[in-house]
Every structure is written in structure tokens, then in C-alpha cells.
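Protein chains in written order, with the numbering used here: chain V, 1 to 336; chain A, 337 to 491.
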């Protein structure tokens, strides 16, 4: 349980006296409590697009959404030990042109996502001027794949954590549309740590061609510091291939710059490089979805889960009734 | 301030970074982000480059910790020095690390100066993950210091 610091001396002093994080529920139980009842769960984070309708139709909760600093992409396995030419920009661009991002956002993400051109969402600093997500172009994709020398009969292995399996299946369907067969590898939760370790340590070559991967940024100022660097940098956790000297040069130029306007221009240059090289399979920026119980005013942030601005009206369950009743409710809900 | 703190909410947050969100809702950092995600000053009143390797940070006047201890430039230095000792201070990623040879000098009660061995234009973003705790935190809990001798891995 968090309690307000009444001595905080800015306008950001907590509006709430207390916040109780509950970790004694399953996601389904939490959703049921926020939608169907009052006074048990006030805010549920990470609502899935599939559950959004339930929240919207609820009498006790409403859906709060925000374009968040989150990206969903495919990592190309560019290690030379692999038998497919994903170190060739043409092969990467072919796969990028195969994907229908609009369909992905509207059908798989139920409209709660924005197509990505590169790695920087359009609302952040550093999205390069004129950035537009690649449209689907199956003819050009087929030609590029042939030019890159994709081995005849070799199917693409597309891996994804179980939570992103629906996204992987949609992408696979798109890629099959350019004449390339796809094997979808659904990584169970118990295999995620070993898979992440392989990717990060870079001692073994990962057993997939493309990995569907979600990542986030902690601010909107300079995404390459947290996003691009992680995917391409010499010390990037998600780089799946040899170091990339051109990216490292661009990144060094960014780090060495303390002028914010010039830094923004250099961040745009990095994002443009990522687009032109089709360095990742850019997919979409998923929204953050919250279910918020009645009489609660919650302000969503693009970056993190913040509660300083959240307040409750006089009709909220915690402000009604006697102190004894309120104490009873607090005891009934164990702290997280 | 202008409002009182009233009411209670119950939160279910299954995000893998829930522990970090609780930290951000409990501790302050020199900077935070506004709702749009852009960095604004928080515990720092200002952060000004004196040259491309020297950053002056002025601590917000009257800032106090939850235990009523004043937050001063010494507090910033203490937290910097404690975390600089760790090899991997930030589980979300090494992008939040300061250069291992960076140092923090206190000039007066509200002014500290960060000196970097090379320019680091990303440092304000790193301040986002630079949690500032009360001296009593380091003397008692300190992310496990008392128990293990190090806070490493105990955010």
C-alpha cells in the first residue's frame, strides 16, 4: 500500500491518500471486479484489445486508452551462420513489403495500435520527417526476395512469445501471400528466459529467422537511446547479428551531442537509417489500455503507469460510508 | 499544496515492470516525464550544461523525503555514489547507466555538478531512472545492503 506524502511541495502532490496494489487476483478476476462491481478494483492496467469491448459495455468501468511509447516489431536474424539472406536489405525489405500493417492494426489489434514506419512512433521526437509506414506491395516483395536469393523451398521460421502468437499468425499469412511459406514457432512462457538469454548473450545463433518482439521507451525525447540502440547497437540486447558500424557511428554522433535541437535531428537520422535499411520488421505501436472503475479520474501517460494525477470523486466507494466501513473494506483487500 | 489527498484506489497491474512503476510512484528522480512522455524537471529545478562534460543540477527548493529529511545536493551525490558501485544498476537496460568514471561533486546545499569523462547527451534520459532515496533508506534498507552488503539486483 502506498500512502501520500503530504509534505511533497509541488503541484504533483498525490491527489489520493492511498493506493493499494493488489496481486492476489488473476487478470480475469481483476477484469471481472472492475467491470462488474464497485469498490474492489479501481484500475486494471494492460487490458488486452480483445477485452476492450467488455470494458466499454460495462456499467461500472470505462476504457482509457493512450498512444503509448511501445513498439511491436520483428527482429531479423542476421547472423551469417543462418542459411537465409536476411543480412541483405532486399530480403528484409521484401518481408516488410509483405506485411499489411493496416490490417494488423485494425483486425488483430482491434484498432488499438498505429502502424509504424520505422522504430519511432510519430508522436515522439526523432521520427524522421515524411515517415510513412510501408504499404503492402506483394509484387515488389516477390521480386526483392528473388533478387536477394532466398533459397528455393526454404520456409521462413517466425517465432513469437505465446502472448504475441496472434500477431505472428497474421504476419505469417501476409508473408505466405508473396509465395514464401512460413513456420510459426510459438514460444511458451517457460521458454522465454532461455530464448531471451540466447538473444542477449549472443553466444549461440537463435533458431529463428524473425522474432516478433515488443519493447517500450521511458520518454518521448530521444527514442534511439532506449529503442534503436537496443536493437542495433554494439551493446544492444536485441541485436541478432554482427555489430553494425554504420549504426554505431550514427549513435556515437547522437551521444556526443548536448544540444537538444541537434540531438533531435541526429535521432531522426537514425530512424531514417532504420527505415531505409529495413533494419527491423516495423509493425505497429500498440496503445496502452486501462479499465477504470466508476468515480475514478485516471490520467494515462504515454510512458509509464503514473498515479499522481489520479483522483476520486466524493461518490467514490472510499469516500462514502463510515470510517469503520472504510476500514473494513481496506482489511478485506490485502496489499500488493 | 493547493489540494488535499483523499480517497483510496485499488490497482491491478500485471505489467512486468510493476515493481518499477511502484518505485516511480514512491521515489522522485531529478526528472520525470509529462503525460506526453517528454522530460520535465522534478527533483531537479534545473539541469544546465556548463560545457560538454559538466552538468550543473540545482535541487528543487524545499524538497523533502517522506521521512521529513531534506533532500539536498548531498542526497543526490549519496544516491549517485551508491548506485555507481553496482555493475548492473538498472534491470530494464544498460542504457540507463552513467559512465563508470562519471562523478558527482557537491558545490552547495542545492547545487551538484556531474562531471563526465566524455560528452553524454543522453544523460537527462538516464536521470529518469536515477531514483533518489532518503539517507535513512541507505542506512536501513538500501535495496538489501544490510542483508547482503550490496543492493545490486534488489530494486
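For every residue, glycine included, the Cβ atom is placed at its ideal position computed from N, Cα and C.
What residue range is occupied by the uninterrupted beta strand (DSSP E) comprising residue i?
| i | result |
| --- | --- |
| residue 287(V) | 281-293 |
| residue 74(V) | 70-76 |
| residue 216(V) | 210-216 |
| residue 459(A) | Unbroken run through residue 459(A) is the alpha helix (DSSP H), 459-463; no beta strand (DSSP E). |
| residue 342(V) | Nothing can be reported for residue 342(V), as the shown portion of chain V is limited to 1 through 336. |
| residue 262(V) | Here residue 262(V) belongs to no beta strand (DSSP E); instead the alpha helix (DSSP H) covers 260-276. |
| residue 55(V) | Segment 49-56 is the alpha helix (DSSP H) holding residue 55(V); no beta strand (DSSP E) there. |
| residue 346(A) | 344-348 |
| residue 186(V) | 182-187 |
| residue 227(V) | Note, residue 227(V): premise wrong, no beta strand (DSSP E); not H, not E. |
| residue 254(V) | Element bounds for residue 254(V): not the beta strand (DSSP E) but the alpha helix (DSSP H), 245-255. |
| residue 21(V) | 18-21 |
| residue 242(V) | Element bounds for residue 242(V): n/a, residue is neither H nor E. |
| residue 390(A) | 390-395 |
| residue 150(V) | No beta strand (DSSP E) holds residue 150(V); DSSP gives it neither H nor E. |
| residue 387(A) | 380-387 |
By the 10 Å Cβ neighbour count, where 16 or more other Cβ atoms means buried, how is residue i classified, buried or exposed?
| i | result |
| --- | --- |
| residue 356(A) | buried |
| residue 203(V) | exposed |
| residue 16(V) | buried |
| residue 376(A) | exposed |
| residue 200(V) | exposed |
| residue 230(V) | buried |
| residue 287(V) | buried |
| residue 282(V) | buried |
| residue 424(A) | exposed |
| residue 95(V) | buried |
| residue 268(V) | buried |
| residue 162(V) | exposed |
| residue 57(V) | exposed |
| residue 462(A) | buried |
| residue 23(V) | exposed |
| residue 121(V) | buried |
| residue 82(V) | buried |
| residue 179(V) | exposed |
Could you please give the first and the last residue of the uninterrupted alpha helix (DSSP H) stretch that includes residue i?
| i | result |
| --- | --- |
| residue 201(V) | 192-201 |
| residue 357(A) | 354-360 |
| residue 27(V) | 27-36 |
| residue 205(V) | Per DSSP, residue 205(V) belongs to no alpha helix (DSSP H) and is neither H nor E. |
| residue 107(V) | No alpha helix (DSSP H) contains residue 107(V), which DSSP labels as neither H nor E. |
| residue 370(A) | Where residue 370(A) is concerned, there is no enclosing alpha helix (DSSP H), given that its DSSP letter is neither H nor E. |
Please report the Cβ distance between residue i and residue j, rounded to the nearest whole angstrom; I am assuming they are in contact, meaning their Cβ atoms lie under 8 Å.
| i | j | result |
| --- | --- | --- |
| residue 371(A) | residue 301(V) | 5 Å |
| residue 220(V) | residue 125(V) | 6 Å |
| residue 98(V) | residue 136(V) | 7 Å |
| residue 284(V) | residue 115(V) | 5 Å |
| residue 76(V) | residue 212(V) | Contact flag wrong, Cβ pair sits at about 11 Å. |
| residue 307(V) | residue 223(V) | In fact, because the Cβ distance is near 25 Å, the residues do not count as touching under 8 Å. |
| residue 218(V) | residue 310(V) | Not a contact, Cβ separation roughly 20 Å. |
Given 8 Å as the limit, is there contact between the stretch 130-146 of chain V and the stretch 159-172 of chain V, that is, 3 or more CB pairs closer than that?
-> no
Closer than 8 Å, Cβ to Cβ, to anything on chain V: give me those residues from the stretch 403-431 of chain A, in chain order.
-> 404, 428, 429, 430 and 431
Contact the stretch 392-399 of chain A vs the stretch 188-206 of chain V: 3+ CB pairs below 8 Å | no
Residues within the stretch 221-233 of chain V neighbouring chain A, beta-carbon criterion of under 7 Å | 221, 222, 225, 226, 229 and 230
Contact between the stretch 24-35 of chain V and the stretch 291-306 of chain V: three or more CB pairs below 8 Å?
-> yes
Using a Cβ-Cβ cut-off of less than 7 Å, give me the residues of the stretch 274-301 of chain V that come near chain A, in sequence order.
-> 296, 299 and 301
Using a Cβ-Cβ cut-off of less than 9 Å, give me the residues of the stretch 301-312 of chain V that come near chain A, in sequence order.
-> 301, 302, 303, 304, 305, 306, 307, 308, 309, 310, 311 and 312
Pull out every residue of the stretch 371-401 of chain A whose Cβ sits closer than 7 Å to any Cβ of chain V, in chain order.
-> 371, 372, 373, 374, 375, 385, 388, 398, 399 and 400
Near-chain V residues of the stretch 338-355 of chain A - C-beta to any C-beta below 9 Å = 338, 339, 340, 341, 342, 343, 344, 345, 346, 347, 348, 349, 350, 351, 353 and 354
Name, going along the chain, the residues of the stretch 24-51 of chain V whose beta-carbon falls closer than 7 Å to a beta-carbon of chain A.
-> 25, 27, 30, 40, 41, 42, 43, 44, 45 and 46
Are the stretch 349-363 of chain A and the stretch 442-449 of chain A touching by the rule of at least three beta carbon pairs closer than 8 Å?
-> no
Stretch pair the stretch 256-272 of chain V + the stretch 457-470 of chain A: three plus CB contacts closer than 8 Å = yes
Residues, ordered as in the chain, of the stretch 435-455 of chain A that lie near chain V by beta-carbon distance below 8 Å = 454 and 455
Contacting positions in the stretch 182-202 of chain V - beta carbon closer than 8 Å to chain A | none
Closer than 9 Å, Cβ to any Cβ of chain V: which residues of the stretch 461-479 of chain A, in chain order?
-> 461, 462, 464 and 465
Taking a Cβ distance cut-off of 9 Å, strictly less, list which residues of the stretch 2-23 of chain V are near chain A, in chain order.
-> 2, 3, 4, 5, 6, 7, 8, 9, 10, 11, 12, 13, 14, 15, 16, 17, 18, 19, 20, 21, 22 and 23
Interface residues of the stretch 232-256 of chain V facing chain A [CB-CB below 8 Å] | 235, 237, 254, 255 and 256
Check whether the stretch 237-255 of chain V touches the stretch 99-107 of chain V, counting contact only when three or more Cβ pairs, one atom from each stretch, lie closer than 8 Å.
-> no
If you pair each beta-carbon of the stretch 407-418 of chain A with each one of the stretch 431-444 of chain A, do three or more pairs fall below 8 Å?
-> yes
Residues of the stretch 356-368 of chain A whose Cβ lies closer than 7 Å to any Cβ of chain V, in chain order = 357, 358, 360, 361 and 362
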